[in-house]
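Enquirer: In this note's numbering, the protein residues as written are 9 to 256.
From the three backbone atoms N, C-alpha and C, an ideal C-beta is built for every residue, glycine too.
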Ligand code: 13P
């Protein structure tokens, strides 16, 4: 087991309406409260429509709040966008940035992600930066090279390493039911750690992609894996809690 504190992050994506989202948040807050002090960190990242209501619901519990994206600016004429400072106002402490769904569907580049990381850290948030290879890159055997390049380019020059979490999310593993082996995940995490230099030793590096209560155990058992970024399995409180308990 790693000496770094474990971190389990729920990315609700575009799931959750007011009632279902609040039931989920309340269930998790109650479970976390009943298991205090938690020996891992739990963060939930609801859609922005639920941020404030979820914030109120989990207030006082060990569950922490995150956003799923933010703009590069603090404010301005950006219709439909939301800034890191606005999320911080609502009690967010984390923000997921550079998720492959945003890179692919919204054309987000490494350079844009780096600017968002800078904005998030300036607002006092910890950036959870997602990187990962595609199926083609995996097949070409270029995973390590892609990971190193993507990571370097997705971080700003003055990155605050204490406010950074790296999430290794192979694009081909997201929502597909497929995954690298725990040993392969550990190998990529070592590449990430090496790329980060000295800061890599203490950095929380987490894995995401089709994590479920059934497969989470062997992944989280790896010393190199400091936690999980969970998508579809995070919108069921029992399932998400069962994954989190594997952090112990
Ligand atoms: P799934 O767990 O649904 O594969 O999603 C992973 C993910 O994208 C988390 O950010």
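1. Buried or exposed for residue 64, going by 16 or more other Cβ atoms inside 10 Å?
2. Apart from the five residues just before and just after residue 254, which ones in its own chain have a Cβ nearer than 7 Å to its Cβ?
3. Which class does residue 93 belong to by DSSP, given the choice of helix, strand or coil?
4. DSSP beta-bridge partners for residue 104?
5. With 8 Å as the threshold, decide whether the Cβ of residue 19 is near any Cβ in chain D.
6. May I have the straight-line CA-CA distance separating residue 126 from residue 156, to the nearest angstrom?
7. At 3 residues or longer, what runs of the beta strand (DSSP E) sit wholly inside the stretch 166 to 238?
8. Nearest-angstrom Cα distance between residue 249 and residue 52?
9. In angstroms, rounded to a whole number, what distance separates the CA positions of residue 202 and residue 166?
10. By how many angstroms is the C-alpha of residue 230 removed from the C-alpha of residue 9?
11. Here's the rule: buried if 16 or more other CB atoms are within 10 angstroms of the residue's CB, otherwise exposed. What is residue 102?
12. Enumerate, from N- to C-terminal direction, the unbroken beta strand (DSSP E) stretches of 3 or more residues contained entirely within the stretch 110 to 160.
13. In chain order, what residues have a CB nearer than 6 Å to some heavy atom of ligand 1?
Expert: Checking against the coordinates, here is how it stands:
1. When all chains shown are included, residue 64 counts as exposed.
2. Excluding residues within five positions, the ones whose Cβ falls inside 7 Å are 224, 225 and 228.
3. Annotated three-state conformation of residue 93 is helix, per DSSP.
4. When beta bridges are read from the DSSP output, residue 104 appears opposite 136.
5. Judged by its chain identifiers, the structure shown contains no chain D, having just a single protein chain.
6. When only Cα atoms are considered, residue 126 and residue 156 end up about 19 Å apart.
7. Segments of the beta strand (DSSP E) lying fully in the stretch 166 to 238: 172 to 176, 212 to 216 and 235 to 238.
8. Taking the straight line from one Cα to the other gives about 12 Å.
9. A straight-line Cα-Cα distance of about 18 Å links residue 202 and residue 166.
10. Any reading at residue 9 is ruled out, since the residue's pLDDT is 47, under 50, leaving its predicted position unreliable.
11. With at least 16 other beta carbons inside 10 angstroms of its own, residue 102 counts as buried.
12. You should have 134 to 139.
13. Taken from the N-terminal end onward, the list reads 19, 107, 177, 182, 183, 216, 217, 218, 219, 237, 238, 239, 240 and 241.
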